[in-house]
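Structure first, commentary second.
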Amino acid sequence: MDFTLDDELDAVRGLAGEIFTDRADPARIREVETSATRMDGDLWAELGKAGLLGVALPEEYGGAGLGLGALCVLLEEQGRHVAPVPIWPATVAALAIAAHGTPEQRAALLPGAVDGSVRLTAALEEFGPHEAAEPECAARPDGDGWRLTGVKAVVPTPAGAACVLVSARAPAGPGLFLVAADAPGVAWEPAETTARDLAGTLTLTDAPAQAVGGALGGVLDQARVAVAALQLGVAQGALRRAADFLAAREQFGRPLGTFQAVQHQLADCYIEIDALRVTLWQAVTDVEDGGNAAASVPVAQWWAAEGGLNVVHRVQHLHGGIGVDVDYPIHRYFLWGKQLAGTLGGASAHLARLGDALAGGGAP
């Protein structure tokens, strides 16, 4: 298949690359890492002003209507620069509301999601070994609404979020629910992640919620594809920095990049990045066009978890002692790669889902 970007997606890539290059340099990221929220609010506002936060969202609410593919292009550029803004959880939650929410939910939340004035996040993971598609958080009907009780783990960047998209188990099966971040029965505990951002443990105690229609599995597919796109950018950014470093750094009278053992490791990185790119865009195509996402999404996430982590590990190793100096930016790629490799399940979990799809006839 031809996964060449069309003119619209290429324009998204160009604009995003310019903004991240200008606003997410290592000095600025270091400053954000010591802030109270670990999120770059100024960069978030700039992305909203440029229309990038709404590239995937419907035009009727001010977005560009370009869908999941545009989100992945944006996330890839974010990953290249390890820019500390919560694009994927905010947009995945907004996409769920756009596709399955009530007219009132859409009108209240989507215009702000497009311009960045209303930020959403997604609580899709829990503690324990169970699959994200089978949440333990319980939802019970309460008049015209719902009440949620349970604990959600590693909720991305809850500080400043207006609402949380929560996966929970209702009497009829798993579903999605919208909870105000400051509602009664909602308690937050900060949790610092490997990537140095501030996530949160969300404890719900009979918290009021609104149902969001649609299948949990479809939203999880979008979230997993988004995480894979971010990991692709992280791996590409890490390899670019490694190539520049090894071309300039000399030992024994020659650039390190001319040594065969070093070239072999860089070649392995290139191969794994290419595999991640191809499987990612196959998954994007299947999710958007109703294809075989049951097989292609876990394949893409396996490459993101396994291949992406291999790349950032090799790059860290190739930098030698400089790689462990936190004043040098390469360590951030390793930390982001490590965090993303376990988001929404690790490599073995993705293989298990792929096996289930194959055994159940979900793949040719």
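Position 239, counted from 1, in the sequence shown is what this note's numbering calls 240; the numbers after and before it change by one each time, with no gaps. Just so it is clear, CB atoms sit at the ideal spot from N, CA and C, and this is done for glycine as well. It should be emphasised that the depicted structure is a prediction, and the values quoted were computed from it without experimental measurement.
1) For a test of the three-state rule: what should DSSP assign to Pro59, helix, strand or coil?
2) In the DSSP assignment, find the unbroken alpha helix (DSSP H) run with Glu9 in it and report its ends.
3) I'd like to know if the stretch 94-111 and the stretch 307-314 are in contact, where contact means that at least 3 CB-CB pairs between them fall below 8 Å.
4) Do Gly346 and Ala133 count as a contact pair if the criterion is CB distance below 8 Å?
5) For the beta strand (DSSP E) holding Phe178, just list the boundary residues, first then last.
6) I'd like the span of the beta strand (DSSP E) that includes Arg141, first residue to last.
7) By the three-class DSSP mapping on this structure, what secondary structure does Thr150 have?
8) Measure the Cβ-Cβ separation of Ala154 and Trp147 and say whether it is below 8 Å.
9) Measure from the C-beta of Val325 to each C-beta in chain B and report whether the shortest distance is under 8 Å.
10) Count Cβ pairs between the stretch 348-364 and the stretch 268-284 that sit closer than 8 Å; are there 3 or more?
11) Just to check my reading of the structure: Leu267 and Ala244 have Cβ atoms closer than 8 Å, yes? What is that Cβ distance to the nearest angstrom?
12) Going by beta carbon distance, what residues of the same chain come within less than 6 Å of Cys1, once the five residues before and after it are set aside?
13) Do Val83 and Val235 count as a contact pair if the criterion is CB distance below 8 Å?
14) Based on DSSP bridge pairs, tell me the residues matched to Trp189.
15) Is Thr103 near Ala162, with beta carbons less than 8 Å apart?
The short version:
1) Three-state result, Pro59: coil.
2) Counting along the chain, the alpha helix (DSSP H) containing Glu9 begins and ends at Asp8 to Arg24.
3) Under the Cβ criterion (8 Å, minimum of three pairs), the stretch 94-111 does not count as touching the stretch 307-314.
4) At a Cβ-Cβ threshold of 8 Å, Ala133 and Gly346 count as neighbours.
5) Per DSSP, Phe178 belongs to the beta strand (DSSP E) from Gly174 to Ala181.
6) For Arg141, the uninterrupted beta strand (DSSP E) run begins and ends at Ala139 to Asp143, by DSSP.
7) DSSP places Thr150 in strand when its eight states are reduced to three.
8) Cβ atoms of Ala154 and Trp147: not closer than 8 Å.
9) This model lacks chain B altogether, as it is built from one protein chain only.
10) The stretch 348-364, when compared against the stretch 268-284, does not touch it at the 8 Å Cβ threshold.
11) Contact annotation, Leu267 with Ala244: C-beta distance approximately 7 Å; criterion of less than 8 Å satisfied.
12) Residue coverage of the chain in this structure runs from 2 to 365, which leaves residue 1 outside it and unanswerable.
13) Judged by beta-carbon spacing, Val83 lies within the 8 Å limit of Val235, meaning their Cβ atoms are closer than that value.
14) Beta bridge pairing from DSSP links Trp189 with Leu203.
15) With a cutoff of 8 Å on beta-carbon distance, Thr103 and Ala162 are scored as not near each other.
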